[in-house]
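For the sequence shown, position 169 matches number 169 in our numbering, and the numbering has no gaps at all. Where a beta carbon is used, it is the ideal one built from N, C-alpha and C, also for glycine.
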Amino acid sequence: IPVKLPFFSLTFWYWNIKAYFWTILIIMKRNWYKYLFIILTVCVIGFIWWNSSQNGEESSDISQGVLYEIMQLFARIGVSTDITEHIVRKLAHFTEFTALGMLLSIDTALFLKKMKQYIWVPFFVGLLVALVDETIQLFPIGRSSKVTDVWLDFSGVIFGTIILLVLRQIYLFKLRKTLK
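Right, dumping it as structure tokens:
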């Protein structure tokens with residue numbers, strides 16, 4: 001005879017949460033890698049938006065730290081360069097969104113299977129993330145939003161998607177070659 005536990009008891013919640021997580025694990029067991037890429041994508045979006053929520057001084061400190069490390073690296077290999085904080089910031093934007101474009105393309109390929117038919121999905125989501133990113137930058141003190149940054153971010157998404165499409169074509173070419 002099953003015992004009915006009261007809704008407000010800890011035992012009731014413990015068993016329901018445990019059953020919920022086991023159900024999720026069973027579903028994810030077969031396609032765990034799909035969910036791993038979704039989690040990575042959400043983490044990259046969170047990282048992008050967290051960086052945008054920093055005030056001007058904190059953001060500048062981070063950029064200057066990266067700039068210092070880049071200058072040290074170039075000094076070690078004997079290369080003289082005039083990289084500015086502005087260039088570091090723009091490269092950071094482009095790099096973050098290139099990674100996002102790659103992950104969005106992987107997610108699209110894994111969940112929708114027809115990448116060519118749904119090529120607009122990573123572009124649309126990437127543009128949406130870029131717009132939200134620049135909107136977030138309106139609020140912290142010492143930060144501003146620029147339309148050119150949205151274009152730079154979106155070009156990073158396009159570049160990441162192109163990289164993934166090229167890598168996919170190379171893989172398919174080699175796969176077909178080995179099957180013949």
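Distance, Cα to Cα, residue 178 vs residue 129? 39 angstroms
Residue 161 to residue 119 span [Cα, whole Å]: 9 angstroms
Using a 10 Å radius around the Cβ and a threshold of 16 neighbouring Cβ atoms, would you call residue 73 buried or exposed? exposed
Given a cut-off of 8 angstroms, decide if residue 77 and residue 67 are closer than it, judged by their beta-carbon atoms. no
Candidates 153, 107, 111 and 158, of which the one nearest residue 91 by Cα: 153
If you drop the 5 nearest sequence neighbours on each side, which residues of the same chain put their C-beta closer than 7 angstroms to that of residue 57? 142
Burial state of residue 169, where buried means 16 or more other Cβ atoms lie within 10 Å: Residue 169 should be labelled exposed.
Could you give the first and the last residue of the continuous alpha helix (DSSP H) run that contains residue 84? No alpha helix (DSSP H) holds residue 84; DSSP gives it neither H nor E.
Pairwise C-alpha distance: residue 102 and residue 158: C-alpha separation (whole angstroms): 9 angstroms.
So, with DSSP's three-state summary, where would you put residue 6? Because residue 6 sits at a pLDDT of 49, beneath the cut-off of 50, its placement in the model cannot be relied upon, and the following sentence gives the value as read from the coordinates. The answer is coil: DSSP assigns residue 6 none of H, G, I, E or B.
Per-residue burial, residue 106 [other beta carbons within 10 Å of its own, 16 or more giving buried]: buried
Measure the beta-carbon distance from residue 138 to residue 150 and round it to whole angstroms, keeping in mind my assumption that it falls under 8 angstroms. The C-beta distance from residue 138 to residue 150 rounds to 12 angstroms, too long to meet the 8 angstroms contact threshold.
Coil, strand or helix - residue 116 by DSSP: coil
When the distance is taken between beta carbons, is residue 136 closer than 8 angstroms to residue 53? yes
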